[in-house]
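6 protein chains.
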Amino acid sequence: MRPSGRKPEEMRAVSFERDVSKHAEGACLVKFGDTHVLCLASLEERVPPWLRNAGRGWVTAEYGMLPRATGDRMRREASSGKQGGRTLEIQRLIGRSLRAVVNLEALGERQITVDCDVLQADGGTRTAAITGGWIALHDCLRWMEKRSMISYDKVMKDHVAAISCGIFAGQTVADLDYLEDSSADTDANFVMTGRGGIVEIQGTAEGEPFSEEQFNGLLASAKSAIGTLVEKQKQAIAE
Amino acid sequence: MRPSGRKPEEMRAVSFERDVSKHAEGACLVKFGDTHVLCLASLEERVPPWLRNAGRGWVTAEYGMLPRATGDRMRREASSGKQGGRTLEIQRLIGRSLRAVVNLEALGERQITVDCDVLQADGGTRTAAITGGWIALHDCLRWMEKRSMISYDKVMKDHVAAISCGIFAGQTVADLDYLEDSSADTDANFVMTGRGGIVEIQGTAEGEPFSEEQFNGLLASAKSAIGTLVEKQKQAIAE
Amino acid sequence: MRPSGRKPEEMRAVSFERDVSKHAEGACLVKFGDTHVLCLASLEERVPPWLRNAGRGWVTAEYGMLPRATGDRMRREASSGKQGGRTLEIQRLIGRSLRAVVNLEALGERQITVDCDVLQADGGTRTAAITGGWIALHDCLRWMEKRSMISYDKVMKDHVAAISCGIFAGQTVADLDYLEDSSADTDANFVMTGRGGIVEIQGTAEGEPFSEEQFNGLLASAKSAIGTLVEKQKQAIAE
Amino acid sequence: MRPSGRKPEEMRAVSFERDVSKHAEGACLVKFGDTHVLCLASLEERVPPWLRNAGRGWVTAEYGMLPRATGDRMRREASSGKQGGRTLEIQRLIGRSLRAVVNLEALGERQITVDCDVLQADGGTRTAAITGGWIALHDCLRWMEKRSMISYDKVMKDHVAAISCGIFAGQTVADLDYLEDSSADTDANFVMTGRGGIVEIQGTAEGEPFSEEQFNGLLASAKSAIGTLVEKQKQAIAE
Amino acid sequence: MRPSGRKPEEMRAVSFERDVSKHAEGACLVKFGDTHVLCLASLEERVPPWLRNAGRGWVTAEYGMLPRATGDRMRREASSGKQGGRTLEIQRLIGRSLRAVVNLEALGERQITVDCDVLQADGGTRTAAITGGWIALHDCLRWMEKRSMISYDKVMKDHVAAISCGIFAGQTVADLDYLEDSSADTDANFVMTGRGGIVEIQGTAEGEPFSEEQFNGLLASAKSAIGTLVEKQKQAIAE
Amino acid sequence: MRPSGRKPEEMRAVSFERDVSKHAEGACLVKFGDTHVLCLASLEERVPPWLRNAGRGWVTAEYGMLPRATGDRMRREASSGKQGGRTLEIQRLIGRSLRAVVNLEALGERQITVDCDVLQADGGTRTAAITGGWIALHDCLRWMEKRSMISYDKVMKDHVAAISCGIFAGQTVADLDYLEDSSADTDANFVMTGRGGIVEIQGTAEGEPFSEEQFNGLLASAKSAIGTLVEKQKQAIAE
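Sequences listed follow chains Y, R, F, A, U and B, in order. Per the working numbering, residue 1267 is the first one in the first sequence, and the count goes up by one each step. Per the working numbering, residue 1267 is the first one in the second sequence, and the count goes up by one each step. Per the working numbering, residue 1267 is the first one in the third sequence, and the count goes up by one each step. Per the working numbering, residue 1267 is the first one in the fourth sequence, and the count goes up by one each step. Per the working numbering, residue 1267 is the first one in the fifth sequence, and the count goes up by one each step. Per the working numbering, residue 1267 is the first one in the sixth sequence, and the count goes up by one each step.
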């Protein structure tokens, strides 16, 4: 049995709270159980230097954790003077995932930065950030459409959402929390679009190597969970 | 008239939300109008190197702002590689203010770090952080008392709270929001205890120098506002 | 009694030595007793990026301490890779204080940087830096006037000087040296103009909170001391 | 057709040159075509601070690129003051991959660092680094065995090797070079053991999302290629 | 007797391997015995900011060491966040030495960076880097000449090469290896041109100060060795 | 003729001012004409980590320049976040030079740091720093002897002093000031002991390479100048 008491395929309670920022063009407080991530999209009328005059825009992400988002307080990255390897790896993943569903030419020469700050962590912060980041990006693009800056349908190509699946006590489980993640044999993150296309797969054997068969089980579980997440995204933006 | 439509002495709606963290020993989401600061107290069973074997503990604070807490997105300090002068100045002020009401000997050889992270900024973030930080510190000390680590009454000497007052359009006003702060002639931050003792005064003439008389007006206004804040703290911890 | 043997209101010997630099447009070696600060003003025909084409100039300050300016050698900030919070706080204060008496529009699109480097420290380095920095700024503006770049009287609006006052052994004392500062209950820095306007007040309770009455005593003492400092500035620039 | 003229499943010429260091305990210059990586294993009789007295050792990796390993010169990371996100991501991957086949308890309280420095880059540097890094690790463990520090067979559990596969012009191809990598639709890196267990999977859709079917094709191709690489490792260490 | 068994004036085996890079405009793997330095010249069509529109180009160098180039593994400079004083000192020396034989006006507004990365160190890395760096620079200029960008003979004024000489066990010896360097009383590096002009002399007494007479002995020894090195350069570029 | 109007061998006015610090164990304000360097020696009862329990002490130096020590204001190194290559090179040279005349075993397990801060620069700052640094070191050792910590004569082995010589307009000149240094063909720094032993030679051809004959002229000129400097040191410490 899972420490959380959930069934193997059972996800945690997922919620998206929109309109949580006075300032940002798009905003979403996403919760996957006790994992809470504030996703704020910022529009800027400029692109990174290496993209100047290229006729297209850019979507990027930054990721951070409050020092006491975790069980033990971690050192503040601003104070230690650099972002750690884990932080950089995650924010690159979020950025790639969001760009996978955006038509950068149709966006025009602008940059959208989605800041994903973990207010409370309990496993799966990167998958929550991608899934909630999409909502913030959606609201930012709707904000732009209202001001006749873009046509939403030309820029946003699809939904994107993410889930972690793992092998825990010999069984395939979905949406691992911190306790499960810490003792899972294998942990994999999947990013997929609303139409079921795969955007990213990152699977790691924490202990013993895993087999192709086991991996296929993880992928099947992820497909189902991401389908559910996309449904929830649709409900959230319909409100 | 004030841009906010408030009367000169009128503060913004102030609220303290406790129990907002699964992990921290003390926690408070404080709101001064649209200024929202998450204050999380972390207890560690060690002291800074320069205080080892000195027979007393330490209370310190760290301050941060989410990049899009503000109207324009600011660069993430973790990414720029250092904390700016404003950040360092504010976190030193919060730390001094909280230490002013703590008996460090009675705390024992432990450190409490109060992380104050601004989720949304609209002026007065440092005064909200001090006022809400006190609640987080209070809850941390109660947490310790429950575990028989300390006697709360020996460690916590008094309340501490803070407010900004300024001279806006020739008039003394309390609790400036961002718009008022930007065009005030003079801006002063006051930190006082529950018994009315002064812990910190920081007054700055933004435009013309101010007179002793004007300053006394600011101080009187601050006294009254801080009295109100302390009352609200008492209600919050009584719940 | 004060460790220095001085009477409560008695300041240390104050002197301003001008023309101490072969290169700088304005220069002053200021001494408040054993506190020695070299203030050098540098004129540059450019403004910070955020002020470009705004039709006005900028006055800023930088502060540093030689590693052995103090009783124990401190680590060189250039070697530790960053300026500490105290340094940043002080140089921001010096800059604000000097700008309070300068008409930035009349200065034109230029920047004056006043470097205040502490050669020897014995308490009150920031107040000495502001008071001596004003002399360096004055000489820089006279240098510019000689070259018909500005009209001095339009740019320089007033004198500015600073003093620290504190409560030591229950008594209000002026111009604390290091020994007094280390054991004072309350320490406050005041920055005022030649006409008595207040530019900055920074008061901190080191031990017990202080009362409004005590604070008014500090302010009165500061007023008197700053009056004396401004007189000394006038003598210095008349030579 | 592939730009390299290779058949879809055809790998580049792979070679392992051992004994290329006067100093290192294990060394291998690995070449995957024009991608050349120097892998040097260093043994130290200490472990990272967080592993002290835990009764086991550690294997870690560092990755670097000479500034002109690439077509355009890149800025030297030592000069820019930090390792980029890509570098950190890759060296974490190499470390995890090597640890997957090492019994850390049997290693004892020692650390082996495998430095993988890219002398020339033409795509696939991380897969070459893992595959050649294993040889360097092997030689380091043999060096230790000769000195009776460990029993090789208890420490080294299996081979580990890696390959990148991608979808290029609609076809599954193995071992992408830089030109192919730049225009592939999907790029995935696979790390597997000698017995066929999967250690890491990292798949990224560069353009369009990919399907489960396409991914299975990549995995099959990787399995075959890694089988070949393990054979070549066996020949190399038999010499 | 020398630890290396060489005669006092005997240099180590010196070799230059050209065409060792798929990408660089000029390349040379230089070996002075067990000291191996990879020198790669990169041409860029831009100059440093301070040289813009000055009508001339720039030649500069960067120096690095692989972490395990040495007997004990050293910390990677990219990871420690800065280049050490020794590194900066050496790369400044290499840059000055190469510029001494280049006509920067005839080069045009371009920059050539010669990266000298030590793959294996056994003393004399800086002298090997200068001597091999000249070959890389030569090949880069020939590459440019082929593309009619410059006239080689107008840009390259002479050869430049370098050697270390020292006083070991009371005797003048040439081309010290690490073991000799570690226990030499005096160590001096000499950089000279093909025509025998002196470009740089750096002599340091490690233990006892040395006399003028001893220094003249070192200089004579260096002259002879550099003559030999220049001959070897001529052979290398003739191939 | 020299821009300074001096004769070829003529040095600038040299002076040593002792007792210029309230805090440092040894102190000297050295002036070579308009080059002014404050040298402060600090004694610490600990050694660097790599020298622990080695039964000997350490002498080291740090070098800095006030931002406006020069004609144009330079960026403060503390603010730019690192010490430049020139700074590191110079402070390493000063440290080596002073250690050349100290018996580190006789010093005991202590460290003396000589901070050399340039208050005003006009060429020759490193040679002034070495020459004045010796005075500060001398006074520090005498301070220790008074407290029976060491025997001065066992620790201090000799004087050390330094001078720059160059070839200016075809002529050998001593003690170059900034103007001469900027346009000299060759610039060399010499460090020698009181008994005439050579500690360091650093010669650089700024334009054309120089000949052995020219170099010998520089060395002869340096010998004479350093003899004079040592005489002046003797007078200074006799006062």
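All C-beta atoms in this analysis are idealised placements derived from N, C-alpha and C, irrespective of residue type, glycine included. Predicted, not measured: the structure shown is a model, and the values here were computed from it.
Same chain, Cβ closer than 8 Å to residue i, neighbours up to 5 away in sequence not counted
i, result
"residue 1506(R)", "Chain R is shown from 1267 up to 1505; residue 1506(R) falls before or after that span and cannot be answered."
"residue 1446(F)", "1268, 1269, 1270, 1389, 1432, 1434 and 1439"
"residue 1341(F)", "1333"
6 Å CB neighbourhood of residue i in its chain, flanking five on each side removed
i, result
"residue 1325(F)", "1364, 1365, 1368 and 1378"
"residue 1452(B)", "1432, 1433, 1471 and 1476"
"residue 1411(U)", "1418"
"residue 1374(A)", "1323"
From the options, residue whose alpha carbon lies closest to that of residue i
i, options, result
"residue 1438(R)", "1301(R), 1320(R) and 1490(R)", "1490(R)"
"residue 1403(U)", "1314(U), 1389(U), 1414(U) and 1418(U)", "1418(U)"
"residue 1384(Y)", "1412(Y), 1409(Y) and 1297(Y)", "1297(Y)"
"residue 1436(U)", "1473(U), 1372(U) and 1408(U)", "1473(U)"
"residue 1281(A)", "1358(A), 1401(A) and 1485(A)", "1401(A)"
"residue 1288(A)", "1462(U), 1502(U) and 1444(U)", "1444(U)"
"residue 1504(Y)", "1283(Y), 1415(Y) and 1319(Y)", "1283(Y)"
"residue 1421(R)", "1347(R), 1442(R), 1322(R) and 1492(R)", "1322(R)"
"residue 1480(U)", "1492(B), 1462(B) and 1351(B)", "1462(B)"
"residue 1272(U)", "1485(U), 1441(U), 1496(U) and 1492(U)", "1441(U)"
Euclidean distance between Cα positions of residue i and residue j
i, j, result
"residue 1274(B)", "residue 1487(B)", "9 Å"
"residue 1339(F)", "residue 1356(B)", "20 Å"
"residue 1353(F)", "residue 1312(R)", "27 Å"
"residue 1448(A)", "residue 1349(U)", "32 Å"
"residue 1482(U)", "residue 1483(B)", "13 Å"
"residue 1345(Y)", "residue 1343(R)", "8 Å"
"residue 1316(Y)", "residue 1413(A)", "53 Å"
"residue 1500(A)", "residue 1372(A)", "23 Å"
"residue 1279(F)", "residue 1502(F)", "14 Å"
"residue 1318(U)", "residue 1478(B)", "36 Å"
"residue 1285(B)", "residue 1362(U)", "41 Å"
"residue 1416(F)", "residue 1405(F)", "13 Å"
Neighbourhood of residue i by C-beta distance below 7 Å, restricted to the same chain and skipping five residues each side
i, result
"residue 1386(U)", "1300, 1301, 1302 and 1335"
"residue 1408(B)", "1418"
"residue 1494(R)", "1277"
Listed by chain order, chain D residues near residue i by CB distance under 7 Å
i, result
"residue 1348(A)", "Considering every chain present, this structure includes no chain D. Its protein chains are Y, R, F, A, U and B."
Practice task
Could you please tell me which residues of the region 1386 to 1406 of chain B, in chain order, have their CB closer than 9 Å to any CB of chain U?
Solution key: none
Handout entry: Stretch pair the region 1417 to 1434 of chain B + the region 1456 to 1469 of chain B: three plus CB contacts closer than 8 Å
Key = yes
Exercise for the section: Below 7 Å between beta carbons is the criterion; list the residues of the region 1326 to 1342 of chain B that meet it against any residue of chain F, in chain order. Expected result: 1328, 1330, 1332, 1333, 1334, 1336, 1337, 1339 and 1342
Exercise for the section: Assess, as a yes-or-no matter, whether the region 1331 to 1346 of chain U is touched by the region 1303 to 1322 of chain A under the definition of 3 or more beta carbon pairs within less than 8 Å. Expected result: yes
Exercise for the section: Kindly confirm or deny that the region 1456 to 1463 of chain A and the region 1285 to 1300 of chain A touch, where touching means at least three C-beta pairs closer than 8 Å. Expected result: no
Practice task
Please list the residues of the region 1356 to 1367 of chain Y that have a C-beta atom closer than 7 Å to any C-beta atom in chain A, keeping them in chain order.
Solution key: 1358, 1362 and 1366
Handout entry: Proximal residues, the region 1271 to 1293 of chain F versus chain B, C-beta separation under 8 Å
Key = 1287, 1288, 1289 and 1290
Practice task
Output, in sequence order along the chain, the residues in the region 1474 to 1485 of chain Y whose CB is closer than 9 Å to any CB in chain A.
Solution key: 1474, 1475, 1476, 1477, 1478, 1480, 1481, 1482 and 1485
Practice task
Return the residues of the region 1491 to 1504 of chain B that lie within a Cβ-Cβ distance of less than 8 Å from chain F, sorted by chain order.
Solution key: none
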